[in-house]
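Quick note: the sequence shown uses full-length UniProt numbering, first residue 1, plus one each step.
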Amino acid sequence: MEQLALFPEAGRSKGLPAQLLDYIPNFIKPENADKLLRFFIEDIPWKQTKQKLWDKEYLTPRLTCWYGETERIAGALPWTPELQQIREMVEPLAGIKFNSVLINYYRDGNDSVAWHSDKESIMGSQPTIASVSFGQVRNFDIRNKNNHQEHYSVKLEHGSLLLMKAGLQEYWEHRVAKSARTMKARVNLTFRLVI
1 MEQLALFPEA
11 GRSKGLPAQL
21 LDYIPNFIKP
31 ENADKLLRFF
41 IEDIPWKQTK
51 QKLWDKEYLT
61 PRLTCWYGET
71 ERIAGALPWT
81 PELQQIREMV
91 EPLAGIKFNS
101 VLINYYRDGN
111 DSVAWHSDKE
121 SIMGSQPTIA
131 SVSFGQVRNF
141 DIRNKNNHQE
151 HYSVKLEHGS
161 LLLMKAGLQE
171 YWEHRVAKSA
181 RTMKARVNLT
191 FRLVI
């Protein structure tokens, strides 16, 4: 399948599989999204973790922090009022009660996340993940695990919500690629139900 053109005003590729993804621009109004972006950048205790790849350790090319129900999620920090409020906005649309959120801070175009699927083992079979983005617009790419020619992109806009539905993690990979273009800060919240 050829690469599909992006429609910046809608933020998504034509033909984006509706059974896999829902995209809602302006989920959080710009003035609130601006305040939340500043809060996340300034007040979250960011960490840069290490990953092992082919017997070498590498710094993850972004900063992260994990929040959630501390009595159930090892290593999670307790919900902030801001995260709790966003969670309450997201849950009715997702149809799920989330118990954690992984927050990613992409400082510039050098920060990224490589092709991957989120681990179904900790989220159960066919998980749903709600992703809320703030700041710099970045492309969220998905590709079929068995046919890399089948791929799509979504422009994740400031204040937008992307619902990754059941089946996406099982059959597809996703990424936020590095960019040679000058990029400003982006913060992304991924709400999850960890079993």
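Glycine is no exception: its CB is placed at the ideal position from the N, C-alpha and C atoms.
In this text the structure is predicted, and so the values were computed from the model without any measurement.
Boundaries of the beta strand (DSSP E) harbouring MET164: 161 to 164, taken from the DSSP string. Between the region 144 to 158 and the region 14 to 26, the count of C-beta pairs closer than 8 Å reaches three or more; the two stretches touch. Put simply, the backbone Cα of ILE142 is about 31 Å away from that of PRO78.
ARG87 and ARG192 have their alpha carbons spaced roughly 10 Å apart. By the criterion of a C-beta distance shorter than 7 Å, ILE24 is surrounded in its chain by SER160 and LEU161, once the five residues flanking it on both sides are discounted. If you draw a straight line from the Cα of ILE44 to the Cα of TRP172, it comes to about 30 Å. TRP66 and SER100 do touch by the CB rule: their CB atoms are close to 7 Å apart, below 8 Å. In the same chain as ILE129, and ignoring 5 residues on each side of it, the C-beta atoms closer than 6 Å to its own belong to MET164, THR190 and ARG192, in chain order.
If you check the CB distance, ASN188 and ASN110 do not come in under 8 Å. Within the DSSP bridge table, the entry for GLY135 names ARG186 as partners.
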